[in-house]
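Enquirer:
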Amino acid sequence: MGSLFSFLEEVEHVDEKQPITTSNVELDSATECQFLSVAMKVALDEIIQTETISRDVLSIEFASALLKESPKQEFDEQLDNFFLIRNDTMIMKGVPRRPFYKEILKRIMKMEEYYSEKGHVFIKENEVLPRPLLPATELDFTEIDSSSKIFPISPFLKNEREPVKGCKSWLLKCGEVGIRELLGLRSTIGTEMNLFPPAIDELIHAANQPITTKPNAKPPILTLAGRARTKHAHRGSKDQFFGISKGNNIEKNEAGEKIVRDMIQDAIWINIHVFGGVEVPIMEIRNSLGYGARWSANWSNETPYDIVFRGFLEPQMQDGFEKKWRH
Numbered sequence: 105m106g107s108l109f110s111f112l113e114e115v116e117h118v119d120e121k122q123p124i125t126t127s128n129v130e131l132d133s134a135t136e137c138q139f140l141s142v143a144m145k146v147a148l149d150e151i152i153q154t155e156t157i158s159r160d161v162l163s164i165e166f167a168s169a170l171l172k173e174s175p176k177q178e179f180d181e182q183l184d185n186f187f188l189i190r191n192d193t194m195i196m197k198g199v200p201r202r203p204f205y206k207e208i209l210k211r212i213m214k215m216e217e218y219y220s221e222k223g224h225v226f227i228k229e230n231e232v233l234p235r236p237l238l239p240a241t242e243l244d245f246t247e248i249d250s251s252s253k254i255f256p257i258s259p260f261l262k263n264e265r266e267p268v269k270g271c272k273s274w275l276l277k278c279g280e281v282g283i284r285e286l287l288g289l290r291s292t293i294g295t296e297m298n299l300f301p302p303a304i305d306e307l308i309h310a311a312n313q314p315i316t317t318k319p320n321a322k323p324p325i326l327t328l329a330g331r332a333r334t335k336h337a338h339r340g341s342k343d344q345f346f347g348i349s350k351g352n353n354i355e356k357n358e359a360g361e362k363i364v365r366d367m368i369q370d371a372i373w374i375n376i377h378v379f380g381g382v383e384v385p386i387m388e389i390r391n392s393l394g395y396g397a398r399w400s401a402n403w404s405n406e407t408p409y410d411i412v413f414r415g416f417l418e419p420q421m422q423d424g425f426e427k428k429w430r431h
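For the sequence shown, counting from 1, position 235 maps to 339 in the working numbering; every step adds exactly one.
#1: Between Val384, Gly394, Glu418 and Ala240, which lies nearest to Pro408 when the distance is taken from Cα to Cα?
#2: Just to confirm the assignment, what range does the beta strand (DSSP E) spanning Phe416 have?
#3: Buried or exposed for Asp366, please, with buried defined as at least 16 other CB atoms from any protein chain shown within 10 angstroms of its CB.
#4: Do Val161 and Gly279 have their C-beta atoms within less than 8 Å of each other?
#5: Smallest Cα separation from Leu286: which of Lys262, Ile376, Ile195 and Ser258?
#6: The beta strand (DSSP E) with Leu393 in it runs from where to where?
#7: Closer than 7 Å by C-beta to Glu221: which residues in its own chain qualify, once you throw out the five before and the five after it? Chain order, please.
#8: To the nearest whole angstrom, what separates the beta carbons of Gln313 and Phe413, a pair I think is in contact under 8 Å?
#9: Determine the contact status of Trp274 and Ile257, defining contact as a CB-CB distance below 8 Å.
#10: Quick one: residues in its chain with C-beta nearer than 7 Å to the C-beta of Asn405, no 5 flanking neighbours on either side, listed in chain order?
#11: Kindly indicate the opening and closing residues of the alpha helix (DSSP H) around Met432.
#12: I think Phe186 touches Arg211, with their Cβ atoms under 8 Å apart; what is that distance to the nearest whole Å?
#13: Under the assumption that Ile372 contacts Leu238 (Cβ atoms under 8 Å), give the Cβ distance between them as a whole number of angstroms.
#14: From what residue to what residue does the beta strand (DSSP E) around Met194 run?
#15: Measure the C-alpha to C-alpha separation of Thr241 and Pro323 and round it to an integer number of angstroms.
#16: Here's a check: name, in chain order, each residue in its chain whose Cβ is nearer than 7 Å to the Cβ of Trp403, leaving out the five neighbours to either side.
#17: Which of the three DSSP states, helix, strand or coil, is assigned to Leu289?
#18: Using a 10 Å radius around the Cβ and a threshold of 16 neighbouring Cβ atoms, would you call Ser84 buried or exposed?
#19: In the DSSP assignment, what are the bridge partners of Trp373?
#20: Could you tell me how far apart the beta carbons of Thr246 and Thr292 are, in whole angstroms, since I believe they sit closer than 8 Å?
#21: Taking the CB atoms as reference points, tell me whether Glu294 and Phe379 lie closer together than 8 Å.
#22: Can you list, in chain order, the residues of its chain whose CB lies under 8 Å from that of Asn357, leaving out five sequence neighbours each side?
#23: Beta-carbon within less than 8 Å of Glu150's beta-carbon, same chain only, minus the 5 sequence neighbours each way: which residues are those?
#24: The beta strand (DSSP E) that contains Arg441, what's its start and end?
#25: Compute the Euclidean distance between the alpha carbons of Leu148 and Leu188, then round it to the nearest angstrom.
#26: Look at the alpha carbon of Glu361 and the alpha carbon of Ala397, and state the distance between them as a whole number of angstroms.
#27: Going by Cα to Cα distance, which pick from Asn191, Phe204, Pro419 and Thr156 is closest to Pro301?
#28: Let me know if Ser141 comes out buried or exposed under the rule of 16 or more other beta-carbons within 10 Å of its beta-carbon.
#29: Return the chain-ordered list of same chain residues with a C-beta closer than 7 Å to the C-beta of Gly223, the five sequence neighbours on each side being excluded.
#30: Under 7 Å Cβ to Cβ from Glu337, same chain only, skipping five residues before and after it: list those, please.
#31: Cβ of Ser250 within 8 Å of Cβ of Arg265?
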């Protein structure tokens, strides 16, 4: 089953009104993946409609968010390049793409594939997978809970006649905590647990907005990301993460957008939280070096809107303000 994750982006229409079963049918990997992807979607629909399910495990709002499609097709730059290996442990990276039910399916399959190649056999439903997140302490952060709640999906899919039931059982076993972990979302003081990242293309679009919309402004106008990168370019004196600010505004804007794209692809810390000095939830991402970026948004609808790029971030450091964030 581990080889199926690469087919999830090619799922074609399957009639969801018909019983979903793979018994007595010879399926290739792509077709089998269609069944499993649809089974996951139907399982979430049933969870939403079933009144007897404990909402402490999986709320209607949370399950609905997993089903929500992107407003438009996500760009395909990173695709399945969403992990790195640290000390033989698989670490998830990258802002997850919508719809999230496909993303968690891809990620759990990739995790099982990796650990299967290392000799692990997934038989028991109570077996917990290693937490696929970089320890918060490596970034000088603190999480509320750092224990893994992710379970392999294979043991829940032993009965080929009932893939929906298997997917549902797996979702409820992992619960919101495990699913958030699979999506790379962190939990700290101030974290908004039921909020999810905006679509990736919308994050990039927000970063590429001009710093001014005045009609008399002379083009080319610096973008928010271009200006933010210029502001930070002098600070990372050791690793020159932000490079050297030079060139015209077009070149500065391109450099700023590249940093945003790289951070989205390499994010190993994703937290949507409220903290001192802000009145709205802020999405913060960071890479393994500790550099990051922030966006604000309005999360009052099913999908975030009014997304605003707030700038880049330096790694956490003692007395950073006094030292002007020079590392």
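We treat Cβ as the ideally placed atom computed from N, Cα and C, and that holds for glycine. Only a predicted model underlies this, so the values are computations on that prediction, with no experimental measurement involved.
Expert: On the basis of the supplied data:
#1: Minimum Cα distance to Pro408 is reached at Val384.
#2: Here the beta strand (DSSP E) through Phe416 covers Tyr409 to Leu417.
#3: Counting the other Cβ atoms within 10 Å of the Cβ of Asp366 gives fewer than 16, which makes it exposed.
#4: With respect to the 8 Å criterion, Val161 and Gly279 are classified as neighbours on the basis of their beta carbons.
#5: Answer by Cα proximity: Ile195.
#6: Here Leu393 belongs to no beta strand (DSSP E), and DSSP marks it neither H nor E.
#7: Excluding positions up to five away in sequence, the list is empty.
#8: Contact flag correct, Cβ pair sits at about 7 Å.
#9: Yes; because the gap between Cβ atoms is below 8 Å, this pair is in contact.
#10: Counting only residues of its own chain and dropping the five nearest sequence neighbours on each side, Asn405 has no CB closer than 7 Å to any other CB.
#11: Beyond the ends of the chain as shown, which are 105 and 431, falls residue 432; an answer cannot be given.
#12: Going by Cβ atoms, the distance from Phe186 to Arg211 rounds to 7 Å, so yes, they are a contact pair.
#13: Rounded, the Cβ-Cβ distance is 5 Å, consistent with contact.
#14: Per DSSP, Met194 belongs to the beta strand (DSSP E) from Thr193 to Met196.
#15: Computed Cα separation, rounded: 44 Å.
#16: So the list reads Leu299 and Pro385, once near-sequence residues are dropped.
#17: Residue state, collapsed to three classes: strand.
#18: Since the first residue of the chain shown is 105 and the last is 431, residue 84 is not available in this structure.
#19: When beta bridges are read from the DSSP output, Trp373 appears opposite Arg390.
#20: Thr292 and Thr246 do touch by the CB rule: their CB atoms are close to 7 Å apart, below 8 Å.
#21: The displayed chain sequence assigns Gly, not Glu, to residue 294. Yes.
#22: Non-local C-beta neighbours of Asn357 in its own chain, meaning closer than 8 Å and more than five positions away in sequence, comprise Asn312, Pro324, Leu326, Thr327, Ala329 and Gly330, ordered along the chain.
#23: Counting only Cβ-Cβ distances below 8 Å, and skipping sequence neighbours, we find Val268 and Lys272.
#24: In the structure as shown, the chain begins at 105 and stops at 431. Residue 441 is therefore absent and cannot be evaluated.
#25: Taking the straight line joining both Cα atoms gives about 29 Å.
#26: Each residue's Cα considered, the two are about 12 Å apart.
#27: Of Asn191, Phe204, Pro419 and Thr156, the residue nearest in Cα terms is Phe204.
#28: Only buried fits Ser141, as 16 or more other CB atoms lie within 10 angstroms of its CB.
#29: Nothing listed; no residue qualifies.
#30: Per the sequence presented here, residue 337 reads as Ala, with Glu not at that position. In its chain, beyond the 5 residues on either side, Phe346, Gly347, Ile348 and Ser349 have a beta carbon closer than 7 Å to the beta carbon of Ala337.
#31: No.
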